[in-house]
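Residues 185 to 468 in our numbering are what the sequence shown lists, from first letter to last. Positions of the beta carbon are idealized from the N, C-alpha and C atoms, including for glycine. Here is the structure we will look at, set down as structure tokens.
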Amino acid sequence: MNINKLKEIVMKYVFLFTAIISIVAVVLICVFLFANGVPAMKEIGFANFLGGTKWKPGNGLYGIFPMILGSIYVTGGALIIGVPIGILMSIFMARFCPDRLHKVLKPIVDLLAGIPSIVYGFFGLVVIIPIIQEMFGTAGDGILAASILLGMMILPTIINTAESSIVAVPEAYYEGALALGATKERSIFKTVIPAAKSGVMSGIILGMGRAIGETMAVVMVAGNQAIIPDSITSGVRTLTANIVLEMAYATGLHRRALIATAVVLFVFVLIINVCFSIINRRSE
């Protein structure tokens, strides 16, 4: 057996080992969450837990419906802001951007991806919230502030993923559309983008996962009020914020209810990924 063959065999088992570790880690997380969270839901009552509008652990009330709505509103707002900007930016960088400008923009986008969440949170506190206070005459922290901030945070994920997918589309697609008489813009939006749809959707999914799982920045700008919001400027508390704010001192059923909240978040993300996978398969 030569040295190259031996290297191939060794690397095969190294990759297999790392894959098994990844699977085992996911399984252990799932077992921990469901083993602690589902019994807590059963004790509280599934309807009371998922549909309850009052979160008062001191009074034995563990309704997370306001937090579910808060997560949906904030994530939806972030997607409304971040997805159009991210996709258009990725198209510009992939097809319209001059090379000299691309060399400047690409590191900036990568830098945005590396900025810590706490820095984004401080930016929201000192820039976004005062602007909202001036415009709407409110406290400033709430759905709108969190949506704007998360929309900014998911931009690097969407831009990098979508740009890589657009660049990977064979040039023949674009040239063929031009040969048929389409304009440059129409060739890109009607031919190249549909061909890169899988990668663009992946970027959106990853951005959504970043938005719904973000904690520290949201805690700093969302208001953290466990109530059903009645406007875009109302304060909200997301599922992740609810966990991080109370886990340090929670005990007993309260602690298990927070773990059950993590189960709901886990299932929520899983449903989103499955729905996007179904949409992608049907549209292919």
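8 Å Cβ cutoff met for residue i and residue j
i, j, result
"residue 427", "residue 446", "yes"
"residue 429", "residue 408", "yes"
"residue 271", "residue 246", "no"
"residue 331", "residue 410", "no"
"residue 424", "residue 449", "yes"
"residue 405", "residue 296", "no"
"residue 346", "residue 387", "yes"
"residue 460", "residue 389", "yes"
"residue 273", "residue 286", "no"
Selected residue, minimal CA-CA separation from residue i, among the options
i, options, result
"residue 415", "333, 357, 257", "257"
"residue 312", "302, 328, 321", "328"
"residue 242", "435, 264, 388", "435"
"residue 357", "198, 452, 380, 209", "380"
"residue 349", "378, 459, 324, 413", "378"
"residue 457", "412, 413, 385", "385"
"residue 309", "190, 324, 224", "324"
Anticipated Cβ contact below 8 Å, residue i with residue j, distance rounded
i, j, result
"residue 316", "residue 322", "7 Å"
"residue 279", "residue 372", "5 Å"
"residue 374", "residue 366", "7 Å"
"residue 175", "residue 217", "Outside the modelled stretch of the chain, which goes from 185 to 468, sits residue 175, for which no answer is possible."
"residue 440", "residue 188", "With a Cβ gap of about 54 Å, residue 440 and residue 188 do not count as contacting."
"residue 335", "residue 260", "Contact doesn't hold; Cβ gap of about 11 Å is too wide."
Secondary structure of residue i, DSSP reduced to three states
i, result
"residue 420", "strand"
"residue 305", "helix"
"residue 245", "strand"
"residue 469", "Here the chain covers residues 185 to 468 and nothing more, so residue 469 does not appear."
"residue 407", "strand"
"residue 345", "helix"
"residue 357", "helix"
"residue 387", "helix"
"residue 156", "Here the chain comprises residues numbered 185 to 468, so residue 156 is not present and cannot be evaluated."
"residue 197", "helix"
"residue 281", "coil"
"residue 364", "coil"
"residue 398", "coil"
"residue 432", "coil"
"residue 252", "helix"
"residue 322", "coil"
Residue i at chain B interface by Cβ criterion, 8 Å
i, result
"residue 355", "Going by chain labels, chain B is absent from the structure shown, which holds only one protein chain."
Sufficient close CB pairs (3 or more, under 8 Å) joining the stretch 244-264 to the stretch 401-420: yes
Stretch pair the stretch 392-409 + the stretch 296-305: three plus CB contacts closer than 8 Å: yes
The stretch 335-342 touching the stretch 387-399, judged by at least three CB pairs closer than 8 Å: yes
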